[in-house]
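Just below is one structure, and these are the notes that go with it.
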Amino acid sequence: MKACIMCGGEGTRLRPLTFERPKPCIPIANRPSIVHLVTHLANLGFTDIVITIGYLGDEIQKALGDGSLYGATITYVPEKIKLGTAGSVKNAEEYLNDAPFLVVGGDHMTDLNVLEFYREHMNSSAITSIGLISIEDPREFGIAELDASLRIRRFREKPSPGEIFSNLASTGIYVCDPKIFEFIPKDTKFDFAKDLFPLLMEKGYQLNGWLARGNWTDVGNPAMLRAAEKWKLQENAATSVAGTLNVKDAHITGPVRFGDGITLGAGSRVVGPVFIGSGVTVGENVIIGPYTSIGDNVLIKNNAKIFSSSLYNGVVVGANTTISGSIIDIDTIIGDNCSIEHNTVIGPRSVLRNSVTIHSGTRLWPEVIVPEKAIVKEHMLNEKFDTRCEGS
Numbered sequence: 029m030k031a032c033i034m035c036g037g038e039g040t041r042l043r044p045l046t047f048e049r050p051k052p053c054i055p056i057a058n059r060p061s062i063v064h065l066v067t068h069l070a071n072l073g074f075t076d077i078v079i080t081i082g083y084l085g086d087e088i089q090k091a092l093g094d095g096s097l098y099g100a101t102i103t104y105v106p107e108k109i110k111l112g113t114a115g116s117v118k119n120a121e122e123y124l125n126d127a128p129f130l131v132v133g134g135d136h137m138t139d140l141n142v143l144e145f146y147r148e149h150m151n152s153s154a155i156t157s158i159g160l161i162s163i164e165d166p167r168e169f170g171i172a173e174l175d176a177s178l179r180i181r182r183f184r185e186k187p188s189p190g191e192i193f194s195n196l197a198s199t200g201i202y203v204c205d206p207k208i209f210e211f212i213p214k215d216t217k218f219d220f221a222k223d224l225f226p227l228l229m230e231k232g233y234q235l236n237g238w239l240a241r242g243n244w245t246d247v248g249n250p251a252m253l254r255a256a257e258k259w260k261l262q263e264n265a266a267t268s269v270a271g272t273l274n275v276k277d278a279h280i281t282g283p284v285r286f287g288d289g290i291t292l293g294a295g296s297r298v299v300g301p302v303f304i305g306s307g308v309t310v311g312e313n314v315i316i317g318p319y320t321s322i323g324d325n326v327l328i329k330n331n332a333k334i335f336s337s338s339l340y341n342g343v344v345v346g347a348n349t350t351i352s353g354s355i356i357d358i359d360t361i362i363g364d365n366c367s368i369e370h371n372t373v374i375g376p377r378s379v380l381r382n383s384v385t386i387h388s389g390t391r392l393w394p395e396v397i398v399p400e401k402a403i404v405k406e407h408m409l410n411e412k413f414d415t416r417c418e419g420s
């Protein structure tokens with residue numbers, strides 16, 4: 029079975045994490061998110077995968093290669109200009125025009141049984157089926173109204189108050205008949221939700237909904253990214269060690285996945301679910317709490333506290349520093365006695381001097397330097413990088 033994964037967006041809403049990597053390559057539980065997605069699809073039988081690439085597409089190719097490591101065959105289709113969701117799939121038509129195919133966003137993290145979805149579509153008369161999931165706030169999504177036969181009667185993209193006739197949000201996962209290509213203009217920006225679906229319904233074609241059950245997120249902002257990592261960490265059921273683990277009177281409550289060459293200092297405590305990469309050194313009396321992932325070659329000094337956070341490769345955490353619910357990008361150095369509050373995102377190669385406080389919800393652009401004892405209450409930008417953090 030075929031699947032098309034759309035990976036063209038710049039990921040501006042996830043900045044500073046996407047200045048040097050495309051959104052599908054952001055680590056989740058120490059692996060690029062696109063690796064989790066391709067593995068899931070291949071395990072369900074979607075082994076013929078087409079990936080549309082744009083912004084930093086070479087990084088996606090490096091992460092996945094030809095797909096053989098994951099039991100799949102991958103074809104990459106570059107998108108030279110922004111074509112929208114349906115337009116990017118149209119750009120790959122020559123690889124998708126012989127059978128119904130699955131469409132998935134490259135920033136999706138999911139454990140949904142899309143094989144069941146595909147089979148239900150194949151047993152219907154619909155030209156397209158849309159994966160739908162009930163959510164608390166559907167205002168940022170397309171919503172659909174279904175009848176008892178699961179046919180979509182109404183569809184609205186990003187409804188305003190008074191227009192929210194359903195909380196069934198589109199997951200952005202579709203099963204499409206190749207006939208849709210007849211309605212998508214070539215080399216033109218054209219979206220599934222805004223353009224194609226209303227056009228198909230206007231012409232009387234049947235669109236069905238599939239009521240999804242399970243975990244799904246589109247990793248569109250840092251909070252969604254942390255939520256996706258949380259449930260990926262929860263999938264780990266047992267403690268494992270991939271190499272050497274030097275424990276000096278530390279306490280481990282699993283499940284914890286350890287890489288190779290790890291040192292845990294005396295009196296330190298790790299409470300899973302936690303992933304710890306290779307070459308990590310943890311000092312004395314450190315606590316690493318549940319739902320934390322730590323990349324390779326990270327140094328955590330004495331008496332530090334890490335709770336429900338993501339530390340990427342090469343991060344240094346100073347003594348007596350606390351990090352809560354935050355994301356710290358590669359090679360960042362955090363001094364002693366710092367406090368990094370919930371929902372902070374710190375870009376790569378930043379330096380925080382001693383006794384810095386970062387207020388909740390703050391973002392630090394790459395390579396910023398925060399002076400000693402500073403209290404940061406708003407985003408710290410770097411003029412060397414674009415300052416936008418809204419959009420795709």
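Residue numbers (the working numbering): 29 to 420. Note that the Cβ used here is the ideal one computed from N, Cα and C, for glycine as well.
If contacts are defined as beta-carbon pairs under 8 Å, then Y202 and S157 qualify, I think. What distance do you get, rounded to the angstrom? As a position in the sequence shown, residue 202 is number 174, starting the count at 1. As a position in the sequence shown, residue 157 is number 129, starting the count at 1. 7 Å between Cβ atoms; contact.
May I have the straight-line CA-CA distance separating M137 from F129, to the nearest angstrom? The residue labelled residue 137 in the question sits at position 109 within the sequence shown. The residue labelled residue 129 in the question sits at position 101 within the sequence shown. Taking the straight line joining both Cα atoms gives about 19 Å.
Which complete beta strand (DSSP E) runs does the region 341-412 hold, if anything under 3 residues is left out? 350-352
Counting Cβ pairs closer than 8 Å, one from the region 102-121 and one from the region 170-177, do we hit at least three? no
From E210, W238, I355, T75, residue whose alpha carbon lies closest to that of G159: Counting from 1 along the sequence shown, the entry for residue 159 is found at position 131. Considering only alpha carbons, the answer is W238.
So does the region 87-100 actually touch the region 47-59, counting three or more Cβ pairs closer than 8 Å? yes
List the endpoints of the continuous alpha helix (DSSP H) containing Y146. Translated into the one-based positions of the sequence shown, residue 146 becomes position 118. Counting along the chain, the alpha helix (DSSP H) containing Y146 begins and ends at 142-150.
Might you give, ordered along the chain, the residues of its own chain that have their beta carbon closer than 6 Å to the beta carbon of S354, omitting 5 neighbours on each side? Within the sequence shown, the letter at position 326 stands for residue 354. Closer than 6 Å at the Cβ level, and outside the excluded window around S354, lie S337, I368, T372.
Can the beta-carbon of D359 be found closer than 8 Å to that of I374? As a working mapping, residue 359 is identified with position 331 in the sequence shown. As a working mapping, residue 374 is identified with position 346 in the sequence shown. The answer is no: Cβ separation not under 8 Å.
Assumed close pair D135, G248 - CB separation to whole angstroms, cut-off 8 Å: Translated into positions along the sequence shown, residue 135 becomes position 107. Translated into positions along the sequence shown, residue 248 becomes position 220. 7 Å between Cβ atoms; contact.
Assuming E87 is part of the alpha helix (DSSP H), what are its boundary residues? Position 59 of the sequence shown, counted from the start, is the residue given in the question as residue 87. Note, E87: alpha helix (DSSP H), 85-92.
Have a look at T267, G293, S268, A270 and flag the residue whose alpha-carbon is nearest the alpha-carbon of D277. Here residue 277 corresponds to residue number 249 of the sequence shown, with the count starting at 1. Nearest option by C-alpha distance: G293.
Between A347, E411, V63, which has its C-alpha nearest I397's C-alpha? Within the sequence shown, the letter at position 369 stands for residue 397. Looking at the Cα atoms, E411 is the closest of the given residues.
Run through DSSP, which three-state label would A265 get? Looking up residue 265 in the sequence shown gives position 237. Coil, per DSSP.
Do N330 and G311 have their C-beta atoms closer together than 8 Å? For the purposes of this step, residue 330 is taken as residue 302 along the sequence shown, with counting starting at 1. For the purposes of this step, residue 311 is taken as residue 283 along the sequence shown, with counting starting at 1. Cβ atoms of N330 and G311: closer than 8 Å.
Whole angstroms is fine: what's the gap from N141's alpha carbon to W259's? Along the sequence shown, one-based indexing puts residue 141 at 113. Along the sequence shown, one-based indexing puts residue 259 at 231. Answer to the nearest angstrom: the Cα atoms are 16 Å apart.
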